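Structure, as structure tokens:
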Amino acid sequence: MLPMEQETMALLVGGFGIVMGISFVFVILLWIKGRKEVYRSAFGWVIAHFVVFSAAVACCLKAIGTRPTHPSMASEGNSLWLGIGGVLWAASMLILLGAIAAFTARDTHHGE
-7 MLPMEQETMA LLVGGFGIVM GISFVFVILL WIKGRKEVYR SAFGWVIAHF
43 VVFSAAVACC LKAIGTRPTH PSMASEGNSL WLGIGGVLWA ASMLILLGAI
93 AAFTARDTHH GE
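Per our numbering, residue -7 is the first one in the sequence shown, and the count goes up by one each step.
Shown next as structure tokens:
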């Protein structure tokens, strides 16, 4: 476990949860407000980004916030969780780029 103040993990988890919750609700409300079928897949991509990004953050928080069961393997365990978190973060960014491309493609076809 990374040395830090006792409340830090709770603040990290709570803060991330609040920001991600607000973001999720904001996107859902925009989706409902617009009700444009052409944006359906684009909003789906954004929601998928939120889910995969949240999994990445969970992996990273697990790496910095858990005590290893075998202290001699602590660095390997932390490296694994950070690596998985990094791969999930990269995947979430590719999904976000897919969302941006989906919104852009809809705008171009709509203008014709």
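Every residue, glycine too, gets a C-beta built ideally from N, C-alpha and C. Model, not experiment: these values are computed from the prediction.
Three-pair Cβ contact test at 8 Å for the segment 29 to 42 versus the segment 51 to 64: no
What span of residues does the alpha helix (DSSP H) with S15 cover, start to end? 0 to 26
Are there 16 or more other CB atoms within 10 angstroms of the CB of S84, so buried, or fewer, so exposed? buried
Bounding residues of the alpha helix (DSSP H) (the contiguous stretch that carries S46): 32 to 57
Evaluate the contact criterion for the segment 63 to 73 versus the segment 34 to 48: three or more CB pairs, one atom per stretch, below 8 Å. no
M65 and F42 - do their beta-carbons sit closer together than 9 Å? no
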